[in-house]
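Numbering (this note's numbering), first residue to last: 534 to 705.
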């Protein structure tokens with residue numbers, strides 16, 4: 534396994550924090566292994582999670598017909614994973630094992646984000662309009678994290694706590 538929980542990477546000569554010309558730019562991104570902690574007595578979770586995020590072009594994604602959209606998501610997933618695994622110890626050599634042991638894939642694009650959050654151009658982080666209770670137009674979907682609070686990790690944590698308090702403790 535890996536000891537990392539988050540890795541920011543850039544495989545290009547210059548990092549460009551801008552909309553890529555193509556559907557995605559897999560050369561830079563963020564790898565998250567969110568449940569990768571040191572548990573007591575050598576215990577560990579029965580399953581793990583690996584998330585890879587990279588820059589994407591909303592206009593290119595929404596211009597695709599449904600069949601092309603689905604096939605391009607898979608092509609982009611493979612390209613992103615290939616680059617990202619190079620930044621994890623023995624990642625490239627573990628690629629086949631990772632594919633074999635994968636039980637669930639959730640591949641989303643800016644088009645998905647726009648549909649479920651309403652974020653302008655399918656932006657992943659934050660929204661100019663906050664919903665204190667995390668509600669969306671979907672009855673059982675609540676936004677937590679940076680959508681509800683400040684930007685960054687602290688904002689995501691505070692926003693998550695606020696929504697959990699409203700939804701679970703208060704029953705809003």
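Think of the CB as a built atom: it goes at the ideal place given N, C-alpha and C, for glycine as much as any other residue.
C-beta contact flag for residue i and residue j at 8 Å
i, j, result
"residue 596", "residue 553", "no"
"residue 656", "residue 646", "yes"
Inter-residue Cα distance where the pair is residue i and residue j
i, j, result
"residue 539", "residue 563", "7 Å"
"residue 619", "residue 612", "11 Å"
"residue 634", "residue 571", "22 Å"
"residue 676", "residue 536", "29 Å"
"residue 584", "residue 541", "12 Å"
"residue 592", "residue 610", "18 Å"
"residue 614", "residue 636", "16 Å"
"residue 557", "residue 695", "33 Å"
"residue 576", "residue 582", "16 Å"
"residue 638", "residue 568", "16 Å"
"residue 626", "residue 632", "12 Å"
"residue 668", "residue 691", "16 Å"
Nearest-angstrom beta carbon gap, residue j and residue i [assumed within contact, 8 Å]
i, j, result
"residue 673", "residue 700", "Not confirmed; about 11 Å, so no contact."
"residue 594", "residue 559", "The pair is not a contact, with the Cβ atoms about 15 Å apart (cut-off 8 Å)."
"residue 561", "residue 544", "7 Å"
Residue interval of the beta strand (DSSP E) (run including residue i)
i, result
"residue 540", "539 to 543"
"residue 560", "557 to 565"
For a minimum of 4 consecutive residues, which ranges assigned as the alpha helix (DSSP H) are wholly contained in the region 610 to 647? 628 to 634
Alpha helix (DSSP H) runs wholly inside the region 573 to 604, at least 4 long, in chain order: 591 to 595
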